[in-house]
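Numbering-wise, the sequence shown is residues 1 to 346 according to the UniProt record's numbering. Virtual Cβ for every residue (Gly too), placed ideally from N, Cα, C. What you are looking at is a predicted structure, and each value in this text was computed from that prediction instead of being measured. Here's the structure, in structure tokens; my notes come after.
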Amino acid sequence: MLRKYSDSPFQVHEIDVKDKYEFTKKIGKGSYGEVWLVLPKNSSVTKSQSRQQVLKRLDLRQASNESIPNDIETAEREAKLLSTLKHPNIVAYTESFRSSDGFLNIVMAYCEGGDLYTKLKEKRSKKEVLHENQIIEWFIQICMALQYIHERNILHRDLKTQNIFLTKNEIVKVGDLGIARVLDSARDLATTVIGTPYYMSPEILLNKPYGQKTDIWSLGCCVFEMITYEHPFNAKDMPALINKIIANQTPQISKRYSQPLRNIIDSLFKKNPDERPTAKALLQNPYIKDHILRLLDKTAKKCNSQVKSNSQPVVNSPTRPVTAASVLSPSKSRLSNHNNSPSVLP
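Put into structure tokens, the structure is as follows:
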């Protein structure tokens, strides 16, 4: 059963949205409204410090249109959910409000590096091969985001490379939680068939109840895409695609990648969801633990360099203890000497 949200968090402002934000560039448009890059007008931070944010504007006046109510509902659901989530690997939520011009406005962090799908497409066009270390760095950060939402009994349900964003320093931010579902307990199972076909798990396509492990399957699809620049399951039509996924005809990974990585990917594509690892278990894998330590050191150096290069503190500059420590066993963790390091992910 779904957990009920509290009353709508949206405030009604009697001012024009342009009094709050400076519109700099339109980056999306649809029948429901527009997506803009904006700058807050009431902030003392200079433009040089990457203050740009994303503003989704949905025209509530078109709600009588048959297709629009679903868009509005999805956007409101995303905003409500984002407002409860605070994690360095989830797109940060700023605010949501209904303005006097009849629009629903959702403001969130801007990821300068674009989405992972576009990044992989660029790599493929240049015939570049992603190094295993880069793949694992992104994998770790996605796992951290999944662990965070799964611990709160939330399923993403539409994890794909188009919904994974990168900052200018290629820090991962998982976004587009519009169809995410909040469950009453980790044992509760969803039944709605929803998501993007290429990334759907067998249990969803078989119309079976599903839980957190469906996101793990989608994670496997994303990692496979990082390695091959292709979907793990391709077909000419939907029935053929569904048959391939249900039959679990996963192509083999090139042997240029290590056996531990290939073993992890195999585990993500287990047809039986009970046999797939949790996000927490993946982060406790010895091979992944070693890479977490490297990522800590790399990020610490990057953050120190970033702070020194700015005359003022960087917005949201990480000053808290290492967040990766929570995914490692305290008694066995080799992170004990890193407690004063910056967070893995700014």
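Do you know whose CA, among A279, P251 and R256, lies nearest D266's CA?
If we check each option's Cα against that of D266, P251 comes out closest.
Between the CA atoms of Y110 and V35 - distance to the nearest angstrom:
Each residue's alpha carbon lies about 11 Å from the other.
Pull up the distance between the alpha-carbon of Y21 and that of V107, whole angstroms please.
Y21 and V107 have their C-alpha atoms roughly 10 Å apart.
What distance in whole Å lies between the Cβ atoms of L85 and L116, which are believed to be in contact at a cut-off of 8 Å?
Here L116 is actually not in contact with L85; their C-beta atoms are around 19 Å apart, not less than 8 Å.
Would you identify the three-state DSSP class for E95, choosing helix, strand or coil?
Look at E95 here: in three-state DSSP terms it is strand.
Please list the terminal residues of the continuous alpha helix (DSSP H) segment that includes G220.
G220 -> alpha helix (DSSP H) spans K213 to T228.
Cβ pair count under 8 Å reaching 3, the segment 91 to 99 against the segment 132 to 142
Taking 8 Å as the limit for Cβ pairs, the verdict is that the segment 132 to 142 does not touch the segment 91 to 99.
In this structure, how does DSSP classify A109 when only helix, strand and coil are distinguished?
Of the three classes helix, strand and coil, the one that applies to A109 here is strand, per DSSP.
Would you kindly work out how many angstroms separate the C-alpha atoms of W217 and S258, rounded to a whole number?
In this structure, the straight-line span from the alpha carbon of W217 to that of S258 is close to 20 Å.
Can we say the segment 150 to 164 touches the segment 50 to 60, given the rule of at least three CB pairs closer than 8 Å?
Touching, no.
Beta-carbon within less than 6 Å of Y199's beta-carbon, same chain only, minus the 5 sequence neighbours each way: which residues are those?
The residues are K160, S218 and C221.
Output yes or no for whether 9 Å exceeds the beta carbon distance between I227 and I253.
A contact, by the Cβ cut-off of 9 Å.
What's the gap between the Cα of F23 and the Cα of V38?
The alpha-carbon atoms of F23 and V38 are separated by roughly 5 Å.
Can you tell me which residues form a DSSP beta bridge with F139?
The partner list for F139 (beta bridge, DSSP) is empty, contrary to what the question assumes.
Per DSSP, what kind of secondary structure is I164 in: helix, strand or coil?
It is a strand residue.
Roughly how many angstroms separate the alpha carbons of N42 and D290, rounded to a whole number?
When rounded, the distance between both Cα atoms is 43 Å.
Host beta strand (DSSP E) of E128 (start-end)
Premise fails: E128 is in no beta strand (DSSP E) and is neither H nor E.
Exposed or buried, N169, counting other C-beta atoms within 10 Å across all chains shown (16 or more means buried)?
Of the residues assessed, N169 falls on the exposed side of the cut-off, its CB having fewer than 16 other CB atoms within 10 angstroms.
So, with DSSP's three-state summary, where would you put D290?
Helix, per DSSP.
Helix or strand or just coil, what does DSSP make of R57?
Of the three classes helix, strand and coil, the one that applies to R57 here is strand, per DSSP.
Anyone know if the C-beta pair for Q147 and K271 falls short of 9 Å?
At least 9 Å separates the beta-carbon of Q147 from that of K271.
Just verifying my parser: in three-state terms, what is the DSSP assignment at K244?
Note: K244 maps to helix in three-state DSSP.
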